[in-house]
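Below you can see the structure in the form of structure tokens.
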């Protein structure tokens, strides 16, 4: 009978402080840049910010220092990003953008579609305009509370008047991104957007609020055909006053438009930059008339803006944003995709945010294209659907990093790949150096949704590689055994990949889920020394729910060793009792009590912690979601990873800095990785009399090649890592044991001694 080591590990003292039940002294996670990341010769300054896919940009002073900081809202995953403007003496204009996630929770948690910051009440603080109810506009007023922005709902519905009786809801639709700016120069915010029904005509809503500010948010529709121009069916295709469409016809678009008002020719009135769904161009529409009577002519329309040599181009649906991006005091132009998702377009989401700096001190802007990837090129970004895993690949004892992705389009082929970052730092100070974006050449296989896991599957002490992938219409979990000895550089061959074929079951059919984005986690669930398999899945064709448990029988061929035990493991549900979508699991002893914890992420954007999950009832796991410590508020808050059907995450836990505590890494839908450290891990220092009687002793400690283990009575000795995985199985009962540890990666391990009478003791062993 295998003895549960969970109770034994509870006797072990870990470094940390005692856990409180609430407040800032409780256990949790805190956003930290846990390692430097180097790409070529550049150290990524915001490496762990999580990547960009479809960011919408606005400026706001977040820390009340008089500097304009940056807010970004991702259209696809509904995630907020906040960046501070900080002093940087070596930067070209003395400042740079620094990722500051502590401000993200200041914004409403249910933002969807679009979010733009604009000051409507003239108090100098930008307020929040955002999508609601299928295309209407709601507004939050920004008030300064404790020196920080605080958003209070001002209205759930903007209304307008026109050439009709009464008033109506101002509705712009679900795909349009409006221009909310002062159109006529009276200091009040107006609204311009394409019409809700056909997305063919530009409508202009002038703010007619009494007074000089416009804070009443009352509007009048002054024209439903701005400039006499109508959008036609193709990209950059228009017609004027009912005439024939002009410019080359392209594939029919789906109707969404983005608008930005800028005086592009310096004549004092506002011109338009128009982006369109399914199109790459940002079209320029010059107003050759006046503010009161706008006129657009064919010559004023260009699909090669700002120049034919360097046009603004993103793969799909460009949107423009005007702000000082390079800290020189002049408004620049940033262009990013505003697509809803990449399900049909299948384009690359890397380096698709463009910066055009403005060199004109006044008058018409003069835009100059900068290297692609504004802010993206300072982050880890593998296009979309990042899934990290960690392990020593090169045999130097330091954990390296692999990142799978949903896919990326390279050389006109949309396929997944593995990106390899080698750890070239030290045990205490990891530094991840980019090596290749196509580790093992898996890109040639045409897979999608690649989710890698480095794990010792066959118990030989060497890391193997498992990965889930969408392969020719079904999701398959493959594994590649490492043919190198433990402690040596890994030897993987993609040609040797084998897929798992679980046989038999006690519940349901026993088949592995086979939907895209299934998330595997290999961990020893039943504590028998063999890694089992937890799978987060959206599968509905086979009976079961979001998390499924397959036990490793420990016998027979590895490809058929896993058997379904529970197809609704933990009965994990959302706050509304629904099945969580896009669930991703990982297991480690996060809270430091010596017992492994289960952590999940899902499409609600929450991390959910199930402490000591082995000891929980199999019917329903108890969860905690207030996990992220915010130093700004000194409170634990639910995570804000993003939400919705297109929010997918990949979780990984690894002690990358040798401090004995696992760091948490979250791969995002936007193709980047977030990193967290733990706070306030538990101390459990009490030892039972039976454990003391064993008098467990380990020397030398730290050790490099071998270590001696001595006990007062005969014991069997097992070595485990901090996740509870057995790395050296128990040997025969005796008083002295010689452990060969040359094949173990550097780090902290647990040595467990089990006596023949049931007594047990555990100590830490530091391997160098």
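In full-length UniProt numbering, the protein residues as written are 1 to 768.
Where is the CB? At the ideal position from N, CA and C, for every residue including glycine.
Quick one: grab the DSSP three-state call for residue i.
{"i": "residue 101", "result": "helix"}
{"i": "residue 694", "result": "helix"}
{"i": "residue 475", "result": "strand"}
{"i": "residue 511", "result": "coil"}
{"i": "residue 753", "result": "strand"}
{"i": "residue 304", "result": "coil"}
{"i": "residue 298", "result": "helix"}
{"i": "residue 793", "result": "The structure shown does not extend to residue 793, since the chain spans only 1 to 768, so no value can be given for it."}
{"i": "residue 48", "result": "coil"}
{"i": "residue 650", "result": "strand"}
{"i": "residue 228", "result": "helix"}
{"i": "residue 794", "result": "The question about residue 794 has no answer, for the chain in this structure spans 1 to 768."}
{"i": "residue 530", "result": "coil"}
{"i": "residue 120", "result": "coil"}
{"i": "residue 499", "result": "strand"}
{"i": "residue 447", "result": "coil"}
{"i": "residue 283", "result": "strand"}
{"i": "residue 8", "result": "Legend: pLDDT at residue 8 = 33, less than 50; position of this residue unreliable, value from coordinates given subsequently. Looking at residue 8 - three-state DSSP - the assignment turns out to be helix."}
{"i": "residue 134", "result": "coil"}
{"i": "residue 272", "result": "strand"}
{"i": "residue 128", "result": "strand"}
{"i": "residue 494", "result": "helix"}
{"i": "residue 643", "result": "coil"}
In the DSSP assignment, find the unbroken beta strand (DSSP E) run with residue i in it and report its ends.
{"i": "residue 80", "result": "79-87"}
{"i": "residue 76", "result": "Element bounds for residue 76: n/a, residue is neither H nor E."}
{"i": "residue 194", "result": "190-194"}
{"i": "residue 318", "result": "318-323"}
{"i": "residue 736", "result": "734-740"}
{"i": "residue 714", "result": "706-720"}
{"i": "residue 744", "result": "Careful: residue 744 lies outside any beta strand (DSSP E) and carries neither H nor E."}
{"i": "residue 357", "result": "354-358"}
{"i": "residue 431", "result": "431-436"}
{"i": "residue 57", "result": "55-60"}
{"i": "residue 408", "result": "408-410"}
{"i": "residue 549", "result": "547-552"}
{"i": "residue 426", "result": "Careful: residue 426 lies outside any beta strand (DSSP E) and carries neither H nor E."}
{"i": "residue 215", "result": "Note, residue 215: premise wrong, no beta strand (DSSP E); not H, not E."}
{"i": "residue 542", "result": "Where residue 542 is concerned, there is no enclosing beta strand (DSSP E), given that its DSSP letter is neither H nor E."}
{"i": "residue 521", "result": "519-523"}
{"i": "residue 337", "result": "332-337"}
{"i": "residue 414", "result": "413-415"}
{"i": "residue 728", "result": "726-728"}
Would residue i count as contacting chain C if we go by Cβ distances under 9 Å?
{"i": "residue 104", "result": "Here there is only one protein chain, and chain C is not present."}
Compare the beta carbon distance of residue i and residue j with 9 Å and say whether it is the shorter of the two.
{"i": "residue 425", "j": "residue 461", "result": "no"}
{"i": "residue 470", "j": "residue 449", "result": "yes"}
{"i": "residue 726", "j": "residue 751", "result": "no"}
{"i": "residue 45", "j": "residue 327", "result": "no"}
{"i": "residue 620", "j": "residue 544", "result": "no"}
{"i": "residue 522", "j": "residue 512", "result": "no"}
{"i": "residue 367", "j": "residue 374", "result": "no"}
{"i": "residue 55", "j": "residue 74", "result": "yes"}
{"i": "residue 663", "j": "residue 649", "result": "no"}
{"i": "residue 549", "j": "residue 532", "result": "yes"}
{"i": "residue 234", "j": "residue 273", "result": "no"}
{"i": "residue 262", "j": "residue 217", "result": "no"}
{"i": "residue 427", "j": "residue 743", "result": "no"}
{"i": "residue 202", "j": "residue 220", "result": "no"}
{"i": "residue 240", "j": "residue 264", "result": "no"}
{"i": "residue 416", "j": "residue 406", "result": "yes"}
{"i": "residue 215", "j": "residue 209", "result": "yes"}
{"i": "residue 399", "j": "residue 655", "result": "yes"}
{"i": "residue 51", "j": "residue 384", "result": "yes"}
{"i": "residue 667", "j": "residue 640", "result": "no"}
{"i": "residue 97", "j": "residue 107", "result": "no"}
Comparing the CB of residue i with every heavy atom of the ligand PLP, is any distance shorter than 8 Å?
{"i": "residue 96", "result": "The model on display carries no ligand, and the ligand PLP is accordingly not part of it."}
Would you grab the beta carbon distance between residue i and residue j for me? Rounded to a whole angstrom, and I think it's under 8 Å.
{"i": "residue 35", "j": "residue 397", "result": "Between residue 397 and residue 35 the Cβ distance is about 16 Å, and since that is not below 8 Å, they are no contact."}
Would you list, in sequence order, the uninterrupted beta strand (DSSP E) runs of no fewer than 3 residues that lie entirely inside the segment 569-608?
584-588 and 597-601
Going along the chain, which unbroken runs of the beta strand (DSSP E) with 3 or more residues stay wholly within the segment 613-638?
626-630 and 635-638
Scan the segment 367-403 and note each continuous alpha helix (DSSP H) run of 4 residues or more that stays entirely inside, going in chain order.
none
For the segment 655-689, list the beta strand (DSSP E) runs that are entirely contained and at least 3 residues long, ordered along the chain.
663-667 and 673-679
Counting only runs of 3+ residues fully inside the segment 138-202, write out the beta strand (DSSP E) ranges in chain order.
148-155, 159-161, 179-181 and 190-194
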